[in-house]
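*Asks:* This is the structure I have questions about; it appears just below.
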Amino acid sequence: MEFETDERKKSQLQVVVERAKHWRFPLVKEDFILEWTGERDESSWEGVRDLKDDYQFKNEQPMRADVLNRRYYVVRMTWRALKTTI
Numbered sequence: 001m002e003f004e005t006d007e008r009k010k011s012q013l014q015v016v017v018e019r020a021k022h023w024r025f026p027l028v029k030e031d032f033i034l035e036w037t038g039e040r041d042e043s044s045w046e047g048v049r050d051l052k053d054d055y056q057f058k059n060e061q062p063m064r065a066d067v068l069n070r071r072y073y074v075v076r077m078t079w080r081a082l083k084t085t086i
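Encoded structure:
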């Protein structure tokens with residue numbers, strides 16, 4: 001599962017990630033749940049500030065110099081299916 005936000009909201013996302021460590025997802029009609037493995041990766045990247053400016057990427061055009069960028073913070077958590085003991 002991947003979470004992403006503006007770098008300025010990093011502390012807010014870290015709260016969500018801490019809660020997500022305890023999330024469990026039952027798989028419908030299966031005797032399994034998805035549970036966090038303990039693996040967590042953090043990264044960041046820089047991209048356009050406004051999604052309306054994203055059309056330049058889709059058309060493979062060079063970015064205009066006046067397009068504003070922002071840094072994004074990303075957390076990736078790995079989950080696995082475990083057999084339930086019910």
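Letter by letter, the sequence shown follows residues 1 to 86 of the working numbering.
Don't be surprised by glycine CBs; every beta carbon is placed ideally from N, CA and C.
If you draw a straight line from the C-alpha of LEU13 to the C-alpha of ARG19, how long is it?
*Replies:* For LEU13 and ARG19, the distance between alpha carbons rounds to 10 angstroms.
*Asks:* Cα-Cα, which of SER44, GLU30, LEU34 and ARG49 is closest to TYR72?
*Replies:* It is SER44.
*Asks:* Would you report the Cα separation of VAL75 and ARG8, rounded to the nearest angstrom?
*Replies:* About 14 angstroms.
*Asks:* Would you give the residue range spanned by the beta strand (DSSP E) that VAL103 belongs to?
*Replies:* Here the chain covers residues 1 to 86 and nothing more, so residue 103 does not appear.
*Asks:* Secondary structure at LYS29, three-state DSSP: helix, strand or coil?
*Replies:* Residue state, collapsed to three classes: coil.
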